[in-house]
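Every number in our numbering is 9 more than the matching position in the sequence shown, counting from 1.
Think of the CB as a built atom: it goes at the ideal place given N, C-alpha and C, for glycine as much as any other residue.
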Amino acid sequence: MSSVNVDFEQAGELKIGQVGIANLRIRTLDVPRLVREMRERVNRAPKLFGRAAVILDFGGLSQVPDVATAKALLDGLRDAGVLPVALAYGTSEIDLLSQQLGVPLLAKFRAQYEPTAVSPPPPPPPPARAEPAPPAARPAPGRMQRTAVRSGQQLYAENCDLTVLNTVGAGA
10 MSSVNVDFEQ AGELKIGQVG IANLRIRTLD VPRLVREMRE RVNRAPKLFG
60 RAAVILDFGG LSQVPDVATA KALLDGLRDA GVLPVALAYG TSEIDLLSQQ
110 LGVPLLAKFR AQYEPTAVSP PPPPPPPARA EPAPPAARPA PGRMQRTAVR
160 SGQQLYAENC DLTVLNTVGA GA
């Protein structure tokens, strides 16, 4: 009788996580200047910028660069010491450019400098009839947690202070 060893374990585990990554917003499509500025950054802080992954954001330009110019920028940034890894989502032209360059497009990725859509403030509500506020509930005395808080454990102290006197596991 032959025994077959079946390996059900995956060779690799894929997880999606948050990664801090530099985003270079292109304001002026001057390739030599952009490369020079990046080289200066890398020289000033080599441990921070040397071989750092960078996402290129062409959203600050009035028009999308042509493939040759974008390729020259990618090559220049690599020579300056950083690694352009993707383009930031923008328009369908940016999507096409990312395909032509062979780099991924990070959909809806924008750094915090991107202004949020400002909506007009809602009209003020009509003045409500003023009613006396109910008396505030007397806060309960504070609670103390003397034992360790394990990872995944949740503590809740409603309407009172909570003081933890022991270790708190990661993810608690």
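### Query
How long is the line joining the alpha carbons of A89 and V51, rounded to whole angstroms?
Translated into positions along the sequence shown, residue 89 becomes position 80. Translated into positions along the sequence shown, residue 51 becomes position 42. Spanning the two alpha carbons is a distance of roughly 7 Å.
### Message
Spatial neighbours of N175 within its chain, please: C-beta separation below 8 Å, excluding the five flanking residues on both sides.
### Response
Locating residue 175 in the sequence shown gives position 166, where the first residue counts as 1. Take N175, set aside five residues on each side of it, and the residues of its chain with a beta-carbon closer than 8 Å to its own are Q154, R155, T156, A157, V158, in chain order.
### Message
Tell me whether the region 75-88 and the region 40-47 touch, counting them as touching only if at least three CB pairs, one residue from each stretch, are closer than 8 Å.
### Response
Yes, the region 75-88 touches the region 40-47.
#### Entry: Cut-off 7 Å between Cβ atoms - residues of its own chain near V173, not counting five sequence neighbours on either side
Locating residue 173 in the sequence shown gives position 164, where the first residue counts as 1. Excluding sequence neighbours, V173 sits near Q154, V158.
### Task
Can you grab the Cα-Cα spacing for the pair V94 / Q19, in whole Å?
For this step, residue 94 is matched to residue 85 along the sequence shown. For this step, residue 19 is matched to residue 10 along the sequence shown. The alpha-carbon atoms of V94 and Q19 are separated by roughly 27 Å.
### Neighbour-count burial assignment, A61, 16 or more Cβ in a 10 Å radius
Position 52 of the sequence shown holds residue 61. The residue is buried, with at least 16 neighbouring Cβ atoms inside 10 Å.
#### Entry: Three-way DSSP call (helix, strand, coil) for P144 in this model
In the sequence shown, counting from the first residue as 1, residue 144 sits at position 135. P144 falls in the coil class under three-state DSSP.
#### Entry: Span of the beta strand (DSSP E), counted from its first residue to its last, around T78
Position 69 of the sequence shown, counted from the first residue, corresponds to residue 78. No beta strand (DSSP E) contains T78, which is instead part of the alpha helix (DSSP H) from 76-89.
### Message
Relative to the C-alpha of G69, which candidate in R45, Y98, F58 has its C-alpha closest?
### Response
If you number the sequence shown from 1, residue 69 lands on position 60. Selection R45, Y98, F58 evaluated against G69 yields Y98 as nearest (Cα-Cα).
### Query
Assuming I25 contacts L65 under a Cβ cut-off of 8 Å, what Cβ separation, rounded to an integer in Å, is found between them?
The sequence position of residue 25 within the sequence shown is 16, counting from 1. The sequence position of residue 65 within the sequence shown is 56, counting from 1. Not quite, the Cβ-Cβ distance comes to about 22 Å (not below 8 Å), so this is no contact.
### Task
Determine the direct distance from the alpha carbon of D16 to that of P113, and round the result to whole angstroms.
Indexing the sequence shown from 1 puts residue 113 at position 104. Indexing the sequence shown from 1 puts residue 16 at position 7. Cα to Cα, P113 sits roughly 33 Å from D16.
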